[in-house]
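Peer 1: Residue numbers (full-length UniProt numbering): 1 to 212.
A virtual CB, placed ideally from N, CA and C, is assigned to each residue, including glycine.
Shown below is the structure under consideration.
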Amino acid sequence: MLSRLNKEGKASKAGLSTQRALPRTVWAEQGVDKLHRYKIWSRRAVQQTGKGKIDRVATMYIIGDGNGLVGWGQGKHEQSATAAERAFRDGIVSMDRVERFETRTIWHEIRIKFGATEVILRPRPLGFGLKAGPVMHQVCKAAGIKDISGKIMGSRNPMNVVKATCLALWSGQARPGMGDGVGGRGRRLEKGQGVRSRQDIERARGRRLLEL
1 MLSRLNKEGK ASKAGLSTQR ALPRTVWAEQ GVDKLHRYKI WSRRAVQQTG KGKIDRVATM
61 YIIGDGNGLV GWGQGKHEQS ATAAERAFRD GIVSMDRVER FETRTIWHEI RIKFGATEVI
121 LRPRPLGFGL KAGPVMHQVC KAAGIKDISG KIMGSRNPMN VVKATCLALW SGQARPGMGD
181 GVGGRGRRLE KGQGVRSRQD IERARGRRLL EL
């Protein structure tokens, strides 16, 4: 049960809010115990009020089902447990579908820039594994991606890396030639190379070509 009971035996407001948020998701009936949750960072935040400074705890979590759904959430509260619960609830609501090729990797190379952070994700063949930074590794693991390589350029702020990686994965259903999936124009990566062999195309895309 997500809601916590106070001394009088009544459910806390944070727990009730979580229960209200669940009907908008598919996990209202399946339960949230099966979801993967990874804490990215947790730090102290100070709120300045007229009565003085109020210490709060800010935390960020990655939420996913390991089968194509992933999201991130943030929470703040005076108590760390309540802040984590709020971040978990926020992550459930923000989960979105990740289009995967053969349920193990992405369809094509994705490049996205969020703030001062630039993330590059590339599809890889079967058995390659997750070759990415620790934060990107947790996002891909929560999304159910098994073969991918990632690179971070610019700022390595964990918050920006999580947001950029999630935006890249959520937009991964855009095929080459139909835009880059993140608001930009599609680029022909093979322009000027002439006719390429089947082996070169398979190596570049990170997967085998099947004859129809």
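Would you decide whether Ala-168 is buried or exposed? Buried here means 16 or more other CB atoms lie within 10 Å of its CB.
Peer 2: Buried, since its Cβ has 16 or more Cβ neighbours within 10 Å.
Peer 1: CA-CA distance, Ile-106 and Gly-66?
Peer 2: Going from the Cα of Ile-106 to the Cα of Gly-66 covers about 14 Å.
Peer 1: Report all residues from its chain with a CB closer than 7 Å to the CB of His-77; omit the five preceding and five following residues, and keep chain order.
Peer 2: Counting only Cβ-Cβ distances below 7 Å, and skipping sequence neighbours, we find Arg-56, Val-57, Ala-83, Arg-86.
Peer 1: Pull up the distance between the alpha-carbon of Arg-104 and that of Lys-113, whole angstroms please.
Peer 2: Going from the Cα of Arg-104 to the Cα of Lys-113 covers about 24 Å.
Peer 1: Using 10 angstroms around the beta-carbon of Gly-129, count the other beta-carbons present and answer buried if the total reaches 16, otherwise exposed.
Peer 2: Exposed, because fewer than 16 other Cβ atoms sit within 10 Å of the Cβ of Gly-129.
Peer 1: What's the call for Gly-71, buried or exposed, on a 16-neighbour Cβ count within 10 Å?
Peer 2: Gly-71 should be labelled buried.
Peer 1: In whole angstroms, what is the alpha-carbon distance linking Arg-156 and Met-95?
Peer 2: Distance between the alpha carbons of Arg-156 and Met-95 is about 23 Å.
Peer 1: Which runs of the beta strand (DSSP E) fall wholly inside the segment 96-128 and span at least 3 residues, in chain order?
Peer 2: Fully enclosed beta strand (DSSP E) runs of 3 or longer: 110-114, 117-123.
Peer 1: Rounded to whole angstroms, what is the Cα-Cα separation between Glu-99 and Ala-45?
Peer 2: Rounded to the nearest angstrom, the two C-alpha atoms are 36 Å apart.
Peer 1: With a cut-off of 8 Å on the beta carbons, I'd call Ser-149 and Ala-132 a contact; round off their distance for me.
Peer 2: Indeed, because the Cβ distance is near 6 Å, the residues count as touching under 8 Å.
Peer 1: At the level of alpha carbons, what is the spacing between Gly-68 and Val-139?
Peer 2: Near 11 Å, if we compare the C-alpha coordinates of Val-139 and Gly-68.
Peer 1: Can you tell which of His-137, Ile-201, Glu-109 has its C-alpha closest to the C-alpha of Gly-64?
Peer 2: Checked all of His-137, Ile-201, Glu-109; the closest Cα to Gly-64 is His-137.
Peer 1: For the alpha helix (DSSP H) that contains Arg-89, what are its first and last residues?
Peer 2: Looking at the DSSP string, the run of the alpha helix (DSSP H) that includes Arg-89 is 80-94.
Peer 1: Assign Met-153 to buried or exposed, taking buried as 16 or more other Cβ atoms, counted over all protein chains shown, within 10 Å of its Cβ.
Peer 2: By the neighbour-count rule (16 or more Cβ atoms within 10 Å), Met-153 is not buried but exposed.
Peer 1: Indicate, with yes or no, if the ligand ATP has a heavy atom lying under 7 Å from the CB of Met-95.
Peer 2: The model depicted lacks the ligand ATP and carries no ligand whatsoever.
Peer 1: Return the chain-ordered list of same chain residues with a C-beta closer than 7 Å to the C-beta of Val-135, the five sequence neighbours on each side being excluded.
Peer 2: Taken in chain order, the residues that qualify are Ile-40, Pro-158, Val-161, Val-162.
Peer 1: Does Ile-145 come out as helix, strand or coil in the three-state DSSP assignment?
Peer 2: Reduced to three states, the DSSP call for Ile-145 is coil.
Peer 1: Pop quiz: Gly-115 and Arg-89 are said to be a contact at Cβ under 8 Å. What is the actual Cβ separation, rounded to whole angstroms?
Peer 2: Not a contact, Cβ separation roughly 25 Å.
Peer 1: If we ignore side chains and look at the alpha-carbon of each, how far apart do Leu-121 and Asp-200 end up?
Peer 2: For Leu-121 and Asp-200, the distance between alpha carbons rounds to 19 Å.
Peer 1: Could you name the residues that DSSP lists as bridge partners for Gln-74?
Peer 2: Answer is Met-60.
Peer 1: On the DSSP letters alone, give me the boundaries of the beta strand (DSSP E) that Val-195 sits inside.
Peer 2: Premise fails: Val-195 is in no beta strand (DSSP E) and is neither H nor E.
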